[in-house]
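What follows is a single structure, written as structure tokens, with notes after it.
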Ligand code: 6GU
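Numbering (full-length UniProt numbering), first residue to last: 1 to 247.
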């Protein structure tokens, strides 16, 4: 799988050289290239922004450097070779919300390109224009505002990259984690069994796998109801009762 990131702060993406994603890159499980948007400017000052038509605060990113960089990346896209379009992800608080389900969907793609906007955003015509060569998806991390797309790209590349087969050593850990079944993860404990007068719940020491599964499901539900009641409302009760029968 290939990722390209275009940004005026390429150094912001340096953490993607570390940990599991960094290792996956070294091992060739994923390829990630970071491009400096200013390299695609033509003027002496390497200008990437200008004042907004219609007035208002802040600056808007000029369309031409984006067209130059995204056009160049699309031409070299491995997805284009097998008749697909690469996906252009535009991080924006005005996008659809990034979820684990969306991470799984995007992990199926051959080529993801991230366009990191700064200031008040990118000239809207770039997103329209890019539609010829890309499937364009404005995506938000949630209902709050960041200064630019870079931090959002760090989060999305990590969430998507770890779903690529081989990136996470034990694929079982993807099954048990928060959001994999629409619920938050159950609480976890390790040795010692008594720590500062606090005991690990006894059932976890019992070796009774049926009881342990029941304990964990119950705590998933309690925790989700307390912290994320919206997830309880969204539960697909039919799949849930099916899972329950098997425990
Ligand atoms: Cl993806 N970008 C920016 N700039 N702010 C955000 C965001 C993205 N998601 C939440 N806030």
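Ideal placement from N, C-alpha and C gives every residue a C-beta, glycine not left out. In this text the structure is predicted, and so the values were computed from the model without any measurement.
Classify residue 160 as buried or exposed, calling it buried when 16 or more other Cβ atoms lie within 10 Å of its own Cβ.
-> buried
Return the chain-ordered ranges of every alpha helix (DSSP H) run that is complete within the region 9-87 and spans a minimum of 4 residues.
-> 19-26, 63-75, 78-81
What first and last residue would you give for the beta strand (DSSP E) that runs through residue 192?
-> Neither: residue 192 is in no beta strand (DSSP E) and is coded neither H nor E.
Taking 7 Å as the cut-off, does the CB of residue 71 come closer than this to any heavy atom belonging to the ligand 6GU?
-> no
Would you mind sorting residue 268 into buried or exposed? The rule is 16 or more other CB atoms within 10 Å of its CB.
-> Residue 268 lies beyond the stretch modelled for the chain, which goes from 1 to 247, so this question has no answer here.
Could you have a look at residue 163 and say whether DSSP puts it in helix, strand or coil?
-> coil
Beta-carbon proximity of residue 70 to residue 115, cut-off 8 Å = yes
From residue 170 to residue 226, what does the alpha carbon distance come to, in whole angstroms?
-> 30 Å
Let me know if residue 130 comes out buried or exposed under the rule of 16 or more other beta-carbons within 10 Å of its beta-carbon.
-> buried
Between the region 43-61 and the region 83-93, do three or more beta carbon pairs fall short of 8 Å?
-> no
Quick one: what does DSSP say residue 136 is sitting in, helix, strand or coil?
-> strand
Have a look at residue 156 and residue 220 and give me their C-alpha separation to the nearest angstrom.
-> 25 Å
Exposed or buried, which one is residue 167 when buried takes at least 16 other CB atoms within 10 Å?
-> buried
Buried versus exposed, by CB contacts within 10 Å (16 or more), residue 123 = buried
Thinking C-alpha only, which one of 92, 141, 12 is nearest residue 35?
-> 12
Keeping to the same chain, check which residues put their C-beta closer than 7 Å to that of residue 67; ignore five residues upstream and five downstream.
-> 126, 129
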